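In this note's numbering, the protein residues as written are 161 to 273.
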Amino acid sequence: MALSRFITPIGIIMLLHSAYSCLHYRSIISSSTLDLLDGSTTYNASSPPKDVVIECLLGYFLCLMGQIISAGEFLPVMGSGRREVKAPMYITRDFDLWTTRAGIIASVKSKNQ
């Protein structure tokens, strides 16, 4: 529990920092003329830099791990048998009241025998 209280805020701070870094990168690209300085490198303002993407993914996984650790012990999923699903009387559909052809054919066959 104490570990998750440390990991989750670090992940949130990393996510916020990556968002700020991406906004800062876009503002620098839009306000400067970097293509005049170095013609060989192209800068794309529509996609974030790789370090921002890595920081965002790392922050996400830290948040995820912090929440998984704080969830406690995982219990096994055990079924208790098969139950018949039946709608309440006040929520019925029209076709729930009618029998199917298979039921009619079975009743005719049982009468003939």
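Where is the CB? At the ideal position from N, CA and C, for every residue including glycine. Just so you know, these numbers come straight off a predicted model, no measurement behind them.
Do the segment 213–229 and the segment 172–183 make contact, defined as three or more Cβ pairs closer than 8 Å?
With a cut-off of 8 Å, the segment 172–183 and the segment 213–229 count as touching, because enough Cβ pairs lie within range.
Is the beta carbon of E215 sitting closer than 8 Å to the one on S178?
Taking the sequence shown and counting its residues from 1, the one referred to as residue 215 is at position 55. Taking the sequence shown and counting its residues from 1, the one referred to as residue 178 is at position 18. It is a contact, given that the beta carbons lie within the stated cut-off.
Would DSSP call A231 helix, strand or coil?
Translated into the one-based positions of the sequence shown, residue 231 becomes position 71. If DSSP states are grouped into helix, strand and coil, A231 belongs with coil.
When you compare only the Cα positions, how much space is there between Q227 and D211?
Walking along the sequence shown from the start, residue 227 turns up at place 67. Walking along the sequence shown from the start, residue 211 turns up at place 51. Q227 and D211: Cα-Cα distance of roughly 24 Å.
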